[in-house]
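First comes the structure, then the notes that go with it.
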Amino acid sequence: MMRVMVAICLIIASIVARGSEAAVSCNSVVANLYPCAVYVVQGGAIPSSCCMGIRRLNEQAKSASDRQGICRCVKSALGGVSYSSKNLKNAATLPAKCRVNLTFKIDPSINCNR
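Those letters in the sequence shown? Residues -22 to -1, 1 to 92, by mature numbering (1 follows the signal peptide of the UniProt record, and there is no 0).
Structural data, given as structure tokens:
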């Protein structure tokens, strides 16, 4: 469990360092999703700050470019972390549990260009 949290922190740090050229930066994506990390790893109750972050991202995703940029940041974070099927399920169910209709699934194999 600790290795997963360390890996998540390293991925977040690399994304923050890189940034993004999209209108919605990876820094913003990371900041909005950071409160969700404990739920993704451990399960339990979803922090309200996590759902607020997902709502903010959804509001920021006004254009196709914005949505694709957010999707790429999420996909990059998922691709660089070792996770269990339970972790992935927790992440994938966040939008529905927060009652937010994202235009993409939280899935490491998603095609963000659609």
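Note that CB positions come from ideal geometry on N, CA and C, so glycine has one too.
Just so it is clear, the structure is predicted and the values come from calculations on it, not from any experiment.
Residue environment analysis places residue 23 among the exposed positions, since fewer than 16 neighbouring C-beta atoms fall within 10 angstroms of its C-beta. Residue 74 sits away from residue 14, with the two beta carbons spaced by 9 Å or more. In the three-state reduction of the DSSP assignment, residue 83 falls in the coil class. Exposed is the label assigned to residue 92, since fewer than 16 other Cβ atoms lie within 10 Å of its Cβ. Inclusion of residue 86 and residue 47 in the CB contact set at 9 Å is not warranted, their separation being larger than that value. Sorting 9, 12 and 30 by C-alpha distance to the C-alpha of residue 78 places 30 at the top. Within the region 18 to 89, no run of beta strand (DSSP E) reaches 3 residues while sitting entirely inside it.
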